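The sequence shown begins at -8 in the working numbering and counts up one residue at a time. Ideal Cβ placement from N, Cα and C applies to all residues, glycine included. All values reported here derive from a predicted model rather than from experimental measurement.
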Amino acid sequence: MNSSEIEAYLEAHAPGETEFHQAVLEAAPDIERVIKDLDPDGEHGLGARLLVPERLITFRVAWRNDDGEVEVNRGYRVQFNGAVGPYKGGLRFAPSVNVSVLKFLAFEQAMKNALTGLPLGAAKGGADFDPKGRSEREIERFCIAFMTELHRHIGPDLDVPAGDQGVGAQEIGWLFGAYRRITGQHVGVLTGKGTDFGGSPLRPEATGYGLVYFVEEFLKHRDDALDGKSVLISGAGNVATFAAHKAIEKGAKVLTLSNSTGCLVCMNGLTANALDALTVDHGDADNPLKALADNIGAEFQDDATPWDVKADIALPCATQNELDEDDAKTLIKNGICLVAEGANMPCTAKAQATLIDAGIPLAPGKAANAGGVAVSGLEMIQNASREPRTAEDIDTKLKAIMGRIHQTCVDQGGDGADQYIRGANTAGLRKVLSAMKAQGV
Ligand code: NDP
């Protein structure tokens, strides 16, 4: 299947799924090359098999809000590719969740999970439920209703979800409790659990820490280091805050965080104490980031993003397509040296092309943010062996995995600014497609 056949296939069989098209088309040259190598005569039908999820489950989630009214949401699980291992990927609760978004996330997850070197297949799921403005009891009831349907489709050797946007440690706890009560089994069916009931140390930190370990590898490869570098981070959630913590620990100056209402700018660099203050309960503050800015004397710019602040490194850690072509041009003008994606597909296709054309290296999420799923894979091993691990052990393994992913990109990606994109796609696809070929149709 060549790139134009891939495009035609998507138009015919996944019409209107814009995010899914974007993710696949970014990888199309690599899909074409790897398939030519593994299946030159098209005998195994690898292209079409790669582009159609193995299973797409949609279900009704009906639950009662605090006023006793029934609300109905759409729940999903996309079991995209199980060739390399049990399906694995997060659950997202956000109003923007739909089939296209989940298919793009699951497609990227296939390559990401293969890159970790662990036996993990690919999935993604969630619901178009917006936890913002909901009471804790409402979110708990929603989680129970969601798991009442999802439980029949998952299992420790079948499909192991984790968190994503809107699904943090507390939601995983409620989902796990519901699974356990429904099935009577205490098994490793979700990752990101509390460490008191099977969770891995450092899972909450793993994506953000892993991103910074990847950036360190990138700099080491160029005889450079993070110490003294200025860093822009978008988002103020799980990935963003732990990336900020680790970057600060490594001596970098973190100038920004952001959320869907605006951007905190702190030109002196955020401190670890300031970040800790962000995660404590801010009472009635609707906007913890703005409250933090007020507390530490930093600026909060309404409706702004971090991308026009001058810095060495940009780490988009909020959401898909948050950094567009104009942002890319501004970053280039301001002398950015590296964009490494903590979020999944945060750069639009045009932003990506603009950065690459200007020779700015871009580390794609499927490589740079793989630390989260890698530690989820380690949690699965811990649950299967029933042998707890220490934080030191997990941190050492996380660093080693991020180092290997970096080296794989360098080895397989050629020498352009798109080295990390090409390398991550090529290595990930080669593993997934080889496993599919070996297992037959
Ligand atoms: P969280 O829900 O913890 O945080 C998301 C953050 O992004 C919030 O601060 C949110 O602000 C902000 N945000 C959301 N939408 C926008 C927007 N349109 N513009 C600006 N800011 C926005 O999510 P995570 O940190 O878990 O996930 C962030 C990204 O990282 C996602 O792409 C996710 O898929 C990816 N990822 C996450 C992993 C994990 O382990 N959690 C693993 C690998 C990738 P607000 O509160 O105002 O909405």
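Straight-line spacing of the CA atoms in GLU290 and GLY368 works out to 39 Å. Taking 4 residues as the minimum length, the alpha helix (DSSP H) runs contained wholly in the segment 274 to 327 are 279 to 287, 316 to 324, in order along the chain.
Taken through DSSP and simplified to helix, strand or coil, ASN229 comes out as helix.
In this structure, the ligand NDP has a non-hydrogen atom nearer than 7 Å to the beta-carbon of CYS308.
For GLU240, the shortest C-beta to heavy atom distance toward the ligand NDP is 7 Å or greater. Of the candidates GLY33, ASP409, MET336, LEU314, MET336 places its Cα closest to the Cα of GLN100.
Here the alpha carbons of LYS103 and PRO355 stand approximately 10 Å from one another. If the five residues before and after TRP165 are omitted, its C-beta is found closer than 6 Å to the C-beta atoms of GLU131, CYS134, all from its own chain and listed in chain order. For ASP155, the closest C-alpha among the options GLY175, THR387, LEU93, TYR200 is that of LEU93. Measuring C-alpha to C-alpha distances from SER(-6) to each of PRO192, HIS12, GLU8 identifies HIS12 as the nearest.
Placement of the Cβ of ALA354 at a distance of 7 Å or more from every heavy atom of the ligand NDP is found. Within the same chain, LEU217, LYS220, VAL222 come within 6 Å of ALA243 by CB-CB distance, once the 5 residues on both sides are set aside. Taking a cut-off of 8 Å for Cβ pairs, the segment 374 to 391 and the segment 193 to 200 touch, as three or more such pairs fall below it. When secondary structure is reduced to three states using DSSP, ARG24 falls in the helix class.
ALA365 sits away from THR186, with the two beta carbons spaced by 8 Å or more. Cβ-Cβ separation between ASN374 and VAL178: approximately 7 Å, consistent with a contact (criterion under 8 Å).
Following the DSSP letters along the chain, one finds SER425 inside the alpha helix (DSSP H) bounded by residues 410 to 430. The nearest non-hydrogen atom of the ligand NDP is 7 Å or more from the C-beta of VAL92. With a threshold of 7 Å, the Cβ atom of GLN343 does not count as near the ligand NDP, since no heavy atom of the ligand is closer than that. In the DSSP assignment, no residue is bridged to LYS220. In the displayed model, ASN264 falls within a helix according to three-state DSSP. About 27 Å separates the CB atoms of ALA3 and GLY66; that is not less than 8 Å, and the two are not in contact. Per the C-alpha coordinates, the member of MET(-8), ARG172, LYS390 positioned closest to GLY33 is MET(-8).
Counting the other Cβ atoms within 10 Å of the Cβ of GLN311 gives 16 or more, which makes it buried.
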